[in-house]
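The structure appears right after this line, and notes come after that.
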Amino acid sequence: MTDPKSSAPVELLTFRLSDQEYSLDIMCVREIRGWTRTTPLPHAPSYMKGVINLRGTVLPVMDLAERLGLPPREHTDRNVIIVVKYEETMTGLLVDAVSDIIALTSADLQPPPDAASAGGPGVIKALTLLDERMIRVLELSEIVPTPQSDAA
Numbered sequence: 001m002t003d004p005k006s007s008a009p010v011e012l013l014t015f016r017l018s019d020q021e022y023s024l025d026i027m028c029v030r031e032i033r034g035w036t037r038t039t040p041l042p043h044a045p046s047y048m049k050g051v052i053n054l055r056g057t058v059l060p061v062m063d064l065a066e067r068l069g070l071p072p073r074e075h076t077d078r079n080v081i082i083v084v085k086y087e088e089t090m091t092g093l094l095v096d097a098v099s100d101i102i103a104l105t106s107a108d109l110q111p112p113p114d115a116a117s118a119g120g121p122g123v124i125k126a127l128t129l130l131d132e133r134m135i136r137v138l139e140l141s142e143i144v145p146t147p148q149s150d151a152a
């Protein structure tokens, strides 16, 4: 008898950072926009590029490559912003290019090796091989900052 969880469908949005492929669960993606110049904020972490106006909402934009510790590169008009929602927080993720939407099952996803997260947050949730390409599935909760709830 097969485990029903292992055959659960998973849809991922794949995108490129430098020469590497990453992906996110499509259910957290709200939209994909062309590169828009951001308004920088003082004292923000270096990976936070600033904010943009998204239909009247102030949207923070982070350079995902820099957030993941990848080497810096020039931003061009070909870059795109993936607008994601995690919990109640909307964030723009600056990436080099969006590749595709892929449909897999949970069985196609493998956990990352323990060595990959030594000393750092577990930003990689899973790995999958697609047409000889290794695609990293990102753990959005480890990437997107969430507001600290200080409710009294």
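With the UniProt record's numbering, the residue at position 78 of the sequence shown is 78, and numbering never jumps.
Quick reminder that beta carbons are idealized off the backbone N, C-alpha and C, glycines included.
* Does the distance from the CB of Val29 to the CB of Thr39 come in under 8 Å? -> no
* Does the region 46-66 come close enough to the region 99-106 that 3 or more CB-CB pairs lie under 8 Å? -> no
* Asked: How would you call Gly92, buried or exposed, if buried means at least 16 neighbouring beta carbons within 10 angstroms?
  -> buried
* Indicate the three-state DSSP secondary structure (helix, strand or coil) for Leu94 in the structure shown. => strand
* To do: Ignore the nearest five residues each way along the sequence and tell me which others in Thr146's own chain have a CB closer than 6 Å to its CB.
  => Glu87, Thr89
* Asked: If we call anything under 8 Å between Cβ atoms a contact, is Val140 one with Met134?
  -> Here residue 140 is Leu; the residue named in the question, Val, does not match the sequence. No, Cβ-Cβ distance for Leu140 and Met134 is not below 8 Å.
* 4 or more residues per run - each alpha helix (DSSP H) lying fully within the UniProt domain "CheW-like" (9-149) -> 64-67
* To do: Under 8 Å Cβ to Cβ from Leu70, same chain only, skipping five residues before and after it: list those, please.
  => Leu17, Ser18, Gln20
* To do: Would you kindly work out how many angstroms separate the C-alpha atoms of Ser46 and Glu142, rounded to a whole number?
  => 17 Å
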